[in-house]
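Chains as they are written, first to last, in the working numbering: chain A, 1 to 185; chain B, 1 to 559. From the three backbone atoms N, C-alpha and C, an ideal C-beta is built for every residue, glycine too.
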């Protein structure tokens with residue numbers, strides 16, 4: 001049983017990893033109607049999450065995260081698997097991104113292009129690694145949920161990875177060439 | 001007044017109970033197989049076995065609701081949204097932890113045979129003789145040569161794949177062809193062999209997954225989804241293996257939802273006449289009679305049934321006259337070892353998901369090695385390339401992240417040690433005076449801990465792993481100790497030990513209760529010592545052997 005246990009413990013540790021710190025960061029300065037409150041996300045909020053996901057895993061020669069309905073997935077996971085503190089960090093973090101993007105880029109996140117959004121989230125990731133501030137920490141959660149949701153989606157697993165339901169045999173040593181896809185499971 | 005009379009009753013349908021049912025029915029007895037939980041039909045009830053990743057709601061992660069509902073299961077990997085119903089629910093069936101104790105139970109037809117790790121090892125004379133030689137607890141009443149043919153018998157039917165390694169501390173068996181090691185494991189095996197003068201062996205695990213088909217079963221398809229039930233019958237479970245054999249005889253009656261409250265004991269004949277059950281669904285009480293009874297309810301539950309039986313004669317239950325019933329609870333302590341990165345294999349990969357890994361048989365306190373503790377441990381582990389879930393901190397979001405995670409990552413190899421726990425009289429279970437389960441049955445109270453010998457062993461268990469990985473040239477080798485609570489090995493055993501003397505043991509050398517010779521206990525409860533090997537194969541062999549003995553005794557009119 002050891003392998004399964006070890007992998008499970010490993011993935012659990014990863015999931016509960018260091019990014020999930022957080023507290024109730026109280027943000028001011030946003031128009032109240034632009035704030036996300038609670039986990040009953042509107043279609044607009046889901047669309048915002050879809051675009052964040054797409055900025056993390058964009059469309060290339062295969063579809064990106066948006067086509068996997070990553071926004072709905074993130075909402076469901078945050079509702080069902082995050083504790084209250086993590087949920088608050090997530091919501092506060094999204095509000096932080098809205099506000100911070102606008103104040104630093106001079107436009108709304110939703111009005112920017114994918115490259116611009118990706119560049120911003122990369123900046124945020126760098127900041128999150130250095131700062132004690134609560135807001136940027138959400139970037140780790142967004143990355144985690146996007147990567148999980150994308151690579152376990154039908155698109156991610158079958159188009160971006162190699163999905164083999166029943167291998168039928170085990171070959172312990174085969175050649176690997178750079179560019180060959182990893183297994184989905 | 002009995003509701004029905006049979007020739008034999010088997011309590012529990014897991015690994016041991018399935019074997020008892022198969023053997024007794026094949027020898028012509030009319031058998032009632034009682035299972036405390038619901039039925040799980042082979043293939044039909046494996047509802048999640050073929051789900052694709054995107055069909056799994058939380059993609060395998062734990063929900064807050066699962067965590068809240070399962071305060072014990074959440075302690076380890078077992079809490080999984082895909083097979084949640086196959087682990088006993090703590091709210092219906094609580095227990096008391098006088099000291100921390102983790103008890104993972106499978107309350108359904110097939111029991112934990114559906115969920116087990118499938119590692120299948122014999123125990124040898126080094127283990128059977130250890131108690132006697134070291135003055136620990138009591139001597140086993142049997143030796144390896146008595147169990148050897150029964151190991152062969154069960155291995156051939158269950159289907160164990162593995163390699164013959166020729167080690168006295170890990171006797172070889174009747175194996176199907178071994179699964180292959182992968183490139184990294186092969187090289188690590190070579191280097192460890194060289195670095196330790198052949199005294200440490202890295203071999204492929206001996207596992208109850210078929211590499212060749214058996215009757216009614218397809219060989220393993222390398223999906224590595226065993227714990228969801230295998231639609232191919234690729235691994236040994238009651239459903240895939242022993243139950244169809246028992247049913248084929250026409251002698252089997254399977255009764256799910258049958259919670260045995262007690263054995264009915266006749267003090268004049270000094271035998272049990274049958275069992276009393278409460279139906280888990282309608283809560284009514286029924287009685288069934290039989291000439292012989294096999295308790296295979298899982299170690300601690302078999303003992304609990306004895307504790308609830310014949311209390312008018314022995315206040316502490318049937319089999320308690322020695323004062324050892326409920327004592328000497330054991331497990332395997334583990335959750336520590338080491339891992340590292342294997343460089344230089346970037347052009348290598350593998351095909352298939354092997355539900356098995358490497359095994360390193362015990363090398364401590366054998367072949368002249370001597371440590372500041374007694375007994376030993378073995379390792380399980382594997383090497384693999386990491387996948388998309390690896391964390392790459394330096395990668396930028398966007399196409400670079402997407403492309404990088406689409407390729408396999410570095411090779412890593414890890415190993416976890418499983419160590420022997422000595423039988424300590426003071427490590428015990430007993431019936432709670434206060435707490436009852438959903439059906440009004442007193443629950444168990446656990447009072448057990450590891451002691452000095454195990455704690456000293458744990459130092460080696462961790463450091464030896466790192467030493468071997470380093471000797472094999474792995475980089476960034478790190479040790480880990482995730483902590484261990486008793487029972488977490490899910491190898492709980494002891495509490496109704498076999499022995500040579502009714503004054504110091506609960507069972508004799510044929511697994512008969514000294515105080516009721518038509519009652520046999522053949523699951524983990526019977527173990528006199530734990531050895532370091534995964535124990536299920538030994539329960540299979542002991543069960544088949546005891547069933548053969550029981551039927552012969554019955555024919556001779558001795559039961």
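* Report the rounded CA-to-CA distance for residue 271 (chain B) versus residue 34 (chain B), giving the unit in angstroms. => 19 Å
* In chain order, what residues of the same chain have a beta carbon less than 6 Å from the beta carbon of residue 26 (chain B), not counting five sequence neighbours either side? -> 249
* Segment limits, alpha helix (DSSP H) that includes residue 468 (chain B) -> 452-471
* To do: With 7 Å as the threshold, decide whether the Cβ of residue 478 (chain B) is near any Cβ in chain A.
  => no
* Asked: Cα-Cα, which of B:359, B:491, B:559 is closest to residue 102 (chain B)?
  -> B:491
* Asked: Near residue 428 (chain B), what residues of its chain come up, given a Cβ to Cβ distance below 8 Å and the 5 sequence neighbours on each side ignored?
  -> 326, 327, 328, 329, 447, 448, 495
* For residue 143 (chain A), does the count of other Cβ atoms within 10 angstroms reach 16, so buried, or fall short, so exposed? -> buried
* Starting from the C-beta of residue 193 (chain B), find all residues in its chain whose C-beta is less than 8 Å away, skip the five residues before and the five after it, and write them out in chain order. => 200, 201, 202
* Is it a yes or a no for the segment 175-188 of chain B touching the segment 162-182 of chain A, going by three-plus beta-carbon pairs under 8 Å? -> yes
* Report yes if the C-beta distance between residue 278 (chain B) and residue 439 (chain B) is below 7 Å; otherwise report no. => yes
* Asked: Whose Cβ in chain B lies nearer than 8 Å to the Cβ of residue 56 (chain A)?
  -> 397, 398, 401
* To do: Just list the alpha helix (DSSP H) runs in the segment 44-95 of chain A, keeping only unbroken ones of 4 residues or longer that don't cross its boundaries, in chain order.
  => 70-81
* To do: Determine whether the Cβ of residue 347 (chain B) lies closer than 7 Å to any Cβ atom of chain A.
  => yes
* Asked: Just by C-beta distance, which residues in the segment 158-183 of chain B are closer than 7 Å to chain A?
  -> 179, 180, 181, 182, 183
* Asked: residue 345 (chain B) by DSSP, collapsed to three states: which one?
  -> coil
* Beta carbon proximity, residue 176 (chain A) to chain B, threshold 7 Å -> yes
* **Rounded separation between residue 395 (chain B) and residue 39 (chain A) - CA only** => 30 Å
* To do: Please report the Cβ distance between residue 470 (chain B) and residue 459 (chain B), rounded to the nearest whole angstrom; I am assuming they are in contact, meaning their Cβ atoms lie under 8 Å.
  => Wrong, their Cβ atoms sit about 17 Å apart, outside the cutoff.
* Quick one: measure Cβ to Cβ for residue 334 (chain B) and residue 457 (chain B), integer angstroms, because I've assumed they're closer than 8 Å. => The Cβ separation is near 11 Å, so there is no contact.
* To do: Note down, in chain order, every chain B residue with its Cβ under 9 Å from the Cβ of residue 180 (chain A).
  => 349, 407, 408
* When you compare each of B:466, B:36, B:73 to residue 336 (chain B) by their alpha carbons, which one comes out closest? -> B:466
* Below 8 Å on the Cβ atoms is my guess for residue 161 (chain B) versus residue 178 (chain B); work out the distance and round it to an integer in Å. => 6 Å
* Mind pulling the chain A residues with CB within less than 8 Å of residue 64 (chain B)? -> 80, 81, 82, 83
* On the three-state DSSP scale, how would you describe residue 143 (chain A)? -> helix
* Name, going along the chain, the residues of the segment 212-236 of chain B whose beta-carbon falls closer than 7 Å to a beta-carbon of chain C. => This model lacks chain C altogether, as its protein chains are A and B.
* **Buried/exposed call for residue 2 (chain A), threshold 16 Cβ in 10 Å** => The predicted position of residue 2 (chain A) is uncertain, since its pLDDT is 40 and thus under 50; a value taken from the coordinates is nonetheless stated next. Flag for residue 2 (chain A) reads buried.
* **Per-residue DSSP class, three states only, for residue 293 (chain B)** => strand
* Neighbourhood of residue 99 (chain B) by C-beta distance below 8 Å, restricted to the same chain and skipping five residues each side -> 446, 447, 448, 449, 486
* What residue ranges within the segment 102-167 of chain B form continuous alpha helix (DSSP H) runs of no fewer than 4 residues, ordered along the chain? -> 125-128, 130-134, 144-158
* **For residue 109 (chain A) and residue 95 (chain A), the rounded distance between their alpha carbons** => 11 Å
* Asked: So, using beta-carbon positions, are residue 16 (chain B) and residue 349 (chain B) closer together than 7 Å?
  -> no
* Asked: With 16 as the cutoff for other CB atoms within 10 Å, does residue 550 (chain B) come out buried or exposed?
  -> buried
* Quick one: list the residues of chain A neighbouring residue 387 (chain B), beta-carbon separation under 9 Å, in chain order. => 151, 161, 182, 183, 184, 185
* Can you give the Cα-Cα distance for residue 45 (chain A) and residue 135 (chain A), rounded to whole angstroms? -> 17 Å
* Asked: Which chain B residues sit within Cβ distance under 9 Å of residue 141 (chain A)?
  -> What residue 141 (chain A) touches in chain B: nothing, since even the nearest Cβ is about 13 Å away.
* Identify the continuous alpha helix (DSSP H) that holds residue 18 (chain B) and give its terminal residues. => 15-26
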